[in-house]
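This report refers to the structure that appears directly beneath it.
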Amino acid sequence: MAELPGNDTRSKYLREEYRARINRVIDYIETNLGQDLSLETLAEIACFSRFHFHRLFGAIVGETLNHYIQRLRVEKAASKLIHNPKKSITEIAFECGFSSSATFARAFKESFHMSASEWRSGGHLQDRKIRKTDSKQDQTPSNIGKDFDVSSEYIQGKTITQQWRIRMKGNSQLQANVEVKDMPKLHVAYVRHIGPYAGDAELFGRLFEKLMTWAGPRGLLQSPDMKVLSIYYDDPDITEDEKLRVDACITVPEDTPVEGEIGKMTVPGGRYAVAHFEINVDQYGDAWNAIFGGWLPESGYQPADGPCYELCLNQPEEHPEGKHIVDICVPVKPL
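Here the sequence shown stands for residues 427 to 761, numbered as in the working numbering.
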């Protein structure tokens, strides 16, 4: 007769099962913000009773389901208002899942204490300054476009491609080559963190250690094609630190079974701006700002829907200067 697991093991399994179910819902919400996210649909995805799902979601995530969905919709709209200047406010409101422009206007003002038009016309810059003043976290700089030199050239190969070079003024060590290219879809296993992460190397170490401890015995680390990446869902200049989401990931075969705290999803393929950096651990914020504040405004592209991610290309402890070699990948479309 099989021995039943001890109380501690059983409790750990149950906690991980709950987290896995909630993570499936979070993944679904992220990719369907513009759709009708009914309680029945989300409860079914989580395999929980709809009568108790609200309470379970709030207890595990620390935010009510309705507030979570509305916050993500408002924050997505706030980002689109900045990066999609040709789209009307009403278009953006409907794209982000609001049923009317009036509903969107109320929700936006409640979140940012200004109208969407005020935000678009420059209010977001003041909001960032306030958030940085109030926050003790190391946030991404917001001097948009003023701190970077951006140059471009056309490279003749099988096809003619355009490449850009970014250099941070006054800091010759922070440089990057940027190329817009098609990236494949990636099947990944992940461990998720919700909360502050800027500059916290120990946090990322713990997340990846947990992921590698799971992957190693399953033979998932032996493939020469395995990729290591971090996926980011939120703009640190818009989302509060405690609500920021990041996934530590490795690529896995599509049919890989997962359980508990380890989740699985597909990162969409498509057109991405890929910026190649060699940086210190404390330069990640500047690197991201080089893309969004330096390259994007001069590129003729704008961010497309979908998460951004970092491809980790080396082991920093094996680099002679301890540098992190990364590709920052941002989904883009023509402006």
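Ideal Cβ placement from N, Cα and C applies to all residues, glycine included.
query: Coarse secondary structure for P760, derived from DSSP in three states; result: strand
query: Cα-Cα separation, F514 to Y659; result: The residue you asked about is not Phe; residue 514 is Ser in the sequence shown. Whole-angstrom Cα-Cα distance: 23 Å.
query: Own chain residues within Cβ distance below 6 Å of A627, not counting five before or after; result: V707
query: Candidates C738, P742 and S526: closest to G460 by CA position; result: S526
query: H745, DSSP secondary structure in three states; result: coil
query: Rounded distance between the beta-carbons of L600 and D712, thought under 8 Å; result: 6 Å
query: Other residues of its chain near G748: CB distance less than 6 Å, five sequence neighbours each side excluded; result: P742
query: Rounded C-alpha distance that separates Q709 from K759; result: 26 Å
query: Own chain residues within Cβ distance below 7 Å of C755, not counting five before or after; result: M609, Y698, V700, C734, Y735 and L737
query: Nonlocal neighbours in the same chain, by C-beta distance under 8 Å from Y494, ignoring five residues either side; result: I455, F483 and V487
query: Those residues which DSSP pairs with D651 across a bridge; result: The partner list for D651 (beta bridge, DSSP) is empty, contrary to what the question assumes.
query: Per-residue burial, R618 [other beta carbons within 10 Å of its own, 16 or more giving buried]; result: buried
query: Own chain partners of V451 with C-beta closer than 6 Å, once the 5 adjacent residues on each side are dropped; result: L468, I471 and A472
query: Of the residues H509, I751 and I664, the one placed nearest F703, counting alpha carbons only; result: I751
query: The alpha helix (DSSP H) enclosing A624, as first and last residue numbers; result: Note, A624: premise wrong, no alpha helix (DSSP H); not H, not E.
query: Inter-residue spacing [alpha-carbon to alpha-carbon] between D673 and G621; result: 11 Å
query: Candidates E517, L551 and R499: closest to E537 by CA position; result: According to the sequence provided, residue 537 is Ser. The question's Glu does not apply to it. Among E517, L551 and R499, the Cα nearest to that of S537 is on R499.
query: Secondary structure of S656, DSSP reduced to three states; result: strand
query: Supposed close pair K535, S541 - CB separation, criterion 8 Å; result: 6 Å
query: Distance between beta carbons of E687 and A446, contact taken as under 8 Å; result: 7 Å
query: Beta-carbon proximity of K611 to G689, cut-off 8 Å; result: no
query: Length-filtered (4 minimum) alpha helix (DSSP H) runs lying within the segment 509 to 559; result: 515 to 521 and 527 to 538
query: Where the alpha helix (DSSP H) containing G484 begins and where it ends; result: R476 to V487
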